[in-house]
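In what follows, a single structure is set out as structure tokens and then discussed.
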Amino acid sequence: MTVATIHDAFADPAAIFARGPVRLTVLTPRLLRIEFDPAERFNDARTQFAVRRGLPKPAFDVIEDEACLVLDTGVLRLEWIKGRSAPDQRNLRILLRDGDQETLWTPGMAEEGNLLGTYRTLDRYDGDTWTDGHKIPLEQGILSRSGWHVVDDSTSFRLDEDGWVANGGQAPVLDFYFFGYGHDFRGAIADFAAVSGPQPLPPRFVFGYWWSRYWNYSDQELRRLLGRFGTERMPLDVLVLDMDWHTTPGLSLRAGLDERDEFGEQRGWTGYTFNRSLFPDPDGFMRWVHGHDLKITLNLHPASGVPAFEENYAAMGHALSFDTANGATIPFEGSSKPYMRALFDTILRPLEKRGVDFWWLDWQQWADAKAVPGLSNTWWLNHVFFNEMERHDDARGLIYHRWGGLGNHRYPIGFSGDSVISWASLAFQPYFTATASNVLYGYWSHDIGGHTFDKEVPRAERHLDPELYTRWVQLGVFSPVLRTHSAKEASLHKEPWHFAPRFGDVISEAIRLRYRLAPYIYAAARVAHDTGLSLVRPMYYDWPREDRAYEVPGQYMFGDSLLLCPVTAPGEGGYTRVDTWLPPGLWYSREGARVYEGGVVISQDYALRETPIFVREGSILPLYADGLRNLTRLPQQMVLQVYPGPVGETSIYDDDGTSQGYRRGAFARIQVRSWRDDTEHQVAIGAMQGVYAGRPDMRSYVVELLGTGMPLEVRVDGVRLPFATEPSPDSWTWDPMVVSVRIELAPGPVDRERHIVARFDPNRAMPAELWRRMQHTAEAVAYLKRVWGDISALPEDIELAGQSAQLMSYAIAGPDEGRVDRFTAAVDAFESRFARLPAVAAGTPLDVVLVEQFTQLLVR
Numbered sequence: 013m014t015v016a017t018i019h020d021a022f023a024d025p026a027a028i029f030a031r032g033p034v035r036l037t038v039l040t041p042r043l044l045r046i047e048f049d050p051a052e053r054f055n056d057a058r059t060q061f062a063v064r065r066g067l068p069k070p071a072f073d074v075i076e077d078e079a080c081l082v083l084d085t086g087v088l089r090l091e092w093i094k095g096r097s098a099p100d101q102r103n104l105r106i107l108l109r110d111g112d113q114e115t116l117w118t119p120g121m122a123e124e125g126n127l128l129g130t131y132r133t134l135d136r137y138d139g140d141t142w143t144d145g146h147k148i149p150l151e152q153g154i155l156s157r158s159g160w161h162v163v164d165d166s167t168s169f170r171l172d173e174d175g176w177v178a179n180g181g182q183a184p185v186l187d188f189y190f191f192g193y194g195h196d197f198r199g200a201i202a203d204f205a206a207v208s209g210p211q212p213l214p215p216r217f218v219f220g221y222w223w224s225r226y227w228n229y230s231d232q233e234l235r236r237l238l239g240r241f242g243t244e245r246m247p248l249d250v251l252v253l254d255m256d257w258h259t260t261p262g263l264s265l266r267a268g269l270d271e272r273d274e275f276g277e278q279r280g281w282t283g284y285t286f287n288r289s290l291f292p293d294p295d296g297f298m299r300w301v302h303g304h305d306l307k308i309t310l311n312l313h314p315a316s317g318v319p320a321f322e323e324n325y326a327a328m329g330h331a332l333s334f335d336t337a338n339g340a341t342i343p344f345e346g347s348s349k350p351y352m353r354a355l356f357d358t359i360l361r362p363l364e365k366r367g368v369d370f371w372w373l374d375w376q377q378w379a380d381a382k383a384v385p386g387l388s389n390t391w392w393l394n395h396v397f398f399n400e401m402e403r404h405d406d407a408r409g410l411i412y413h414r415w416g417g418l419g420n421h422r423y424p425i426g427f428s429g430d431s432v433i434s435w436a437s438l439a440f441q442p443y444f445t446a447t448a449s450n451v452l453y454g455y456w457s458h459d460i461g462g463h464t465f466d467k468e469v470p471r472a473e474r475h476l477d478p479e480l481y482t483r484w485v486q487l488g489v490f491s492p493v494l495r496t497h498s499a500k501e502a503s504l505h506k507e508p509w510h511f512a513p514r515f516g517d518v519i520s521e522a523i524r525l526r527y528r529l530a531p532y533i534y535a536a537a538r539v540a541h542d543t544g545l546s547l548v549r550p551m552y553y554d555w556p557r558e559d560r561a562y563e564v565p566g567q568y569m570f571g572d573s574l575l576l577c578p579v580t581a582p583g584e585g586g587y588t589r590v591d592t593w594l595p596p597g598l599w600y601s602r603e604g605a606r607v608y609e610g611g612v613v614i615s616q617d618y619a620l621r622e623t624p625i626f627v628r629e630g631s632i633l634p635l636y637a638d639g640l641r642n643l644t645r646l647p648q649q650m651v652l653q654v655y656p657g658p659v660g661e662t663s664i665y666d667d668d669g670t671s672q673g674y675r676r677g678a679f680a681r682i683q684v685r686s687w688r689d690d691t692e693h694q695v696a697i698g699a700m701q702g703v704y705a706g707r708p709d710m711r712s713y714v715v716e717l718l719g720t721g722m723p724l725e726v727r728v729d730g731v732r733l734p735f736a737t738e739p740s741p742d743s744w745t746w747d748p749m750v751v752s753v754r755i756e757l758a759p760g761p762v763d764r765e766r767h768i769v770a771r772f773d774p775n776r777a778m779p780a781e782l783w784r785r786m787q788h789t790a791e792a793v794a795y796l797k798r799v800w801g802d803i804s805a806l807p808e809d810i811e812l813a814g815q816s817a818q819l820m821s822y823a824i825a826g827p828d829e830g831r832v833d834r835f836t837a838a839v840d841a842f843e844s845r846f847a848r849l850p851a852v853a854a855g856t857p858l859d860v861v862l863v864e865q866f867t868q869l870l871v872r
């Protein structure tokens with residue numbers, strides 16, 4: 013089985029120092045390899061962990077005599093007293109320099125403050141606690157507050173030139189990698205990616221919405237379901253078919269009815285033949301799904317081999333020269349090259365040709381391969397399935413399975429398993445997802461909404477809390493993968509339209525936001541491939557010297573610009589209070605109208621449709637407009653949301669979305685820059701650099717300057733644009749609903765640069781947090797109308813304050829001359845009314861409690 017990309021496992025000879033039984037290799041200024049073998053049998057084969065040691069030789073100094081060897085990279089200084097004994101605290105030490113701090117390390121030293129990595133699965137975990145009460149045993153990660161970490165690669169299995177596991181693993185020698193980085197966490201992650209391989213870039217459709225439910229859907233039921241998605245104009249990219257797509261003879265979860273096969277496994281879990289009672293015409297069904305631009309993945313549990321009732325049993329037996337005359341089951345052995353080759357060639361590949369896009373390898377019931385003790389079946393099957401997909405054509409590899417250990421980041425994506433439906437599970441997942449980036453496992457896919465109820469919950473009470481599910485979907489929007497899933501229980505419905513409108517509308521809105529964010533997410537995924545910095549990562553990556561960054565497990569960075577602190581607790585009175593630590597610097601609310609000085613913890617109340625999202629000063633977010641149905645057919649128009657700040661920059665990334673061409677340079681980027689002061693806001697959109705199959709010739713842009721006042725004028729490429737009351741190409745408008753300048757550019761060649769300049773009167777700056785006051789006033793007035801018990805009208809000031817956005821729209825319509833004055837007058841009128849509202853409300857016949865609630869809504 014040939015691996016699609018052959019990595020250079022041999023380090024630069026000029027960076028290797030072999031002296032008797034000890035070999036030292038300088039891989040980067042922060043990373044050293046240290047080996048010991050009395051027989052001097054040093055191993056340069058690829059291992060499960062290390063696949064690429066052929067890195068550019070770093071600069072370092074060497075001092076050596078007969079007794080001692082010293083290597084100094086500037087960051088690390090290794091001193092070894094030569095001899096034939098194994099490196100230990102008596103003969104080896106490494107000095108780590110981190111600014112004005114120094115740390116001395118010797119072999120055997122205990123590491124303190126490891127920031128951990130991830131774990132195989134969340135199956136049956138309620139938050140971080142399993143059914144028997146034990147806590148999840150997260151594995152160690154590369155990052156540590158000690159500033160160093162050691163990866164022991166001595167027992168890793170070697171991989172031959174075909175990418176197959178070599179017999180028996182490595183020789184019993186010492187082989188470890190010393191990562192010394194201090195507070196340079198980004199450098200440590202880059203070094204890990206350099207030697208262990210980068211995170212592959214998943215196909216673009218992975219970042220859309222996945223529909224999954226463990227249910228015995230029929231062809232007809234799925235057509236109706238997907239038809240409803242279309243009716244609701246709900247975007248969707250992936251259809252996941254769980255167990256029941258295949259025949260399941262003997263399968264039962266009822267006590268006393270479950271049967272075991274000859275391998276000791278429950279009957280019915282393994283299967284490769286479509287259940288014709290559910291799918292009378294599988295090929296026709298899959299053609300129909302693909303006709304709607306959807307991808308299909310099928311669930312596999314391969315442990316029980318290939319029994320005689322499978323359609324391709326005879327072909328499999330023939331490929332293996334297995335005697336099928338007596339109908340014996342062909343036993344599974346994932347570490348057998350002939351078996352896996354036959355499985356792919358006679359069973360899986362034919363199903364792929366019929367329409368299966370990738371495989372959900374749900375579970376392999378044996379922990380280790382039977383023929384190769386110690387070889388994790390999870391790790392190994394990820395490796396084999398992923399590389400098989402990339403071997404036979406130019407499609408990007410994709411396997412949907414659990415975490416198998418270091419090196420498994422090369423085979424995304426992760427299925428985190430069957431977590432318990434609870435607020436505790438929701439609260440744990442931000443930490444679990446972000447911490448996995450410490451081992452480069454940046455693509456966990458969770459069962460959004462949880463999988464199953466705790467066993468102690470009576471069946472009659474098993475109903476999904478709509479608030480819990482809504483908050484979970486909001487987390488899913490800002491997760492690597494947005495996939496809803498649930499156990500086979502009739503009460504577990506997760507279709508957005510299943511919930512009451514106040515929940516269902518928010519769920520639908522959240523899923524559509526995911527699609528708006530698709531360009532930002534896809535660009536961040538490319539950054540993960542290039543640098544090792546995962547899409548979701550802990551706060552200490554960017555602020556390693558801030559103690560607070562290590563104390564906020566519930567928040568994380570989503571790409572470089574967005575800080576998320578998801579709501580993971582139930583609210584009271586329609587709001588949930590959330591504490592968020594904002595790092596030093598300026599941060600803006602999602603709509604750009606509220607600014608926060610960082611370095612503090614802020615406490616705010618969030619309504620059901622609100623998520624604590626904060627944006628770095630000067631950020632530029634590339635987005636799609638609302639209405640996208642899937643990520644196969646992309647719109648021509650790009651939206652650029654530009655946040656306040658003196659300077660800002662982003663890169664719009666594009667490729668074909670499906671092939672491995674991105675590794676060969678088949679991609680394109682557009683650089684966007686922003687400059688802002690009191691009088692001007694400039695945005696420069698560069699020409700597209702790079703070529704790939706399907707690259708567009710034309711593109712239009714909508715540039716939104718957030719948190720800004722009314723411009724005196726807007727020019728594009730030196731030409732003054734007209735003002736428009738409604739958005740139209742090559743014009744600008746001021747959107748009072750979000751307090752932003754909206755500049756719409758007509759379609760133009762992608763290799764053409766665009767330069768936008770908006771001029772402002774520095775004496776007419778917009779009042780701080782105007783949008784927040786306008787929004788809260790509208791909400792407060794709506795509340796007052798609901799509780800108003802009289803047939804008389806509300807006071808005029810209250811009604812007009814609630815329509816502030818519309819009043820501003822009327823004010824700015826009309827001739828250019830005087831527009832800024834009219835806008836300023838409308839703002840002043842609102843501010844005056846806003847200040848009077850508590851007193852006006854107090855003068856109405858409303859109960860004092862209702863007046864207090866109204867006032868609280870104004871200032872929350």
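First residue of the sequence shown? That's 13 in the numbering used here, and the numbers climb one at a time after it. The beta-carbon is built from N, C-alpha and C at its ideal position, and this holds for glycine as well.
Contact set for residue i: own chain, Cβ-Cβ below 8 Å, skip 5 residues either direction
| i | result |
| --- | --- |
| E277 | A315, S316 and Q377 |
| A79 | I93 and K94 |
| R366 | P294, D295 and M298 |
Supposed contact pair residue j and residue i - C-beta distance, whole angstroms, cut 8 Å
| i | j | result |
| --- | --- | --- |
| A853 | F866 | 5 Å |
| G544 | P210 | 7 Å |
| M722 | R831 | 7 Å |
| L812 | R845 | 6 Å |
| T390 | H404 | No, T390 and H404 are not in contact; Cβ-Cβ is about 23 Å, not under 8 Å. |
| L90 | L44 | 6 Å |
| D542 | P595 | D542 to P595, Cβ: 24 Å. No contact. |
| Q649 | S743 | Their Cβ separation, rounded to whole angstroms, is 15 Å, which puts Q649 and S743 out of contact at 8 Å. |
Buried versus exposed call for residue i [16 or more other C-beta atoms within 10 Å across all chains shown]
| i | result |
| --- | --- |
| H330 | exposed |
| R422 | buried |
| Q653 | buried |
| K307 | buried |
| H146 | exposed |
| F321 | exposed |
| L547 | buried |
| I18 | The predicted model places I18 with a pLDDT of 40, which falls under 50 and marks its position as unreliable; any figure quoted below should be read in that light. With fewer than 16 other Cβ atoms within 10 Å, it is exposed. |
| K506 | buried |
| V518 | buried |
| E738 | exposed |
Selection from the options that minimises the alpha carbon distance to residue i
| i | options | result |
| --- | --- | --- |
| F440 | I425, I460, A696 and A794 | I460 |
| E829 | L724, S740, M786 and D809 | L724 |
| G677 | L127, Y665, V684 and F356 | Y665 |
| V731 | A770, S712 and P708 | A770 |
| Y618 | D667, A537, R483 and R524 | R483 |
| A719 | Y221, F735, R549 and E603 | Correcting the residue identity first, residue 719 is Gly in this sequence and not Ala. If we check each option's Cα against that of G719, E603 comes out closest. |
| N580 | E479, H788, A178 and L36 | One detail in the question is off: residue 580 reads as Thr in this sequence, not Asn. Residue E479 is the option with its Cα nearest to T580. |
| D305 | G111, L238, V485 and G826 | L238 |
Contacting residues, own chain, Cβ-Cβ under 6 Å from residue i (five flanking each side not counted)
| i | result |
| --- | --- |
| H313 | W281, T282, D374 and W375 |
| T670 | P215 |
| G153 | L127, L128, G129, N450 and V451 |
| R872 | D617 |
Spatial neighbours of residue i in its chain, beta-carbon cut-off 7 Å, leaving aside the 5 residues before and after
| i | result |
| --- | --- |
| A407 | M401, T670 and S671 |
| S615 | R589 and D591 |
| R848 | D809 |
Restricting to runs no shorter than 4 residues, where is the alpha helix (DSSP H) found entirely within the stretch 223-276? 231-243
Note down, one range per segment and in chain order, each alpha helix (DSSP H) of at least 4 residues found wholly within the stretch 386-471. 389-404 and 435-447
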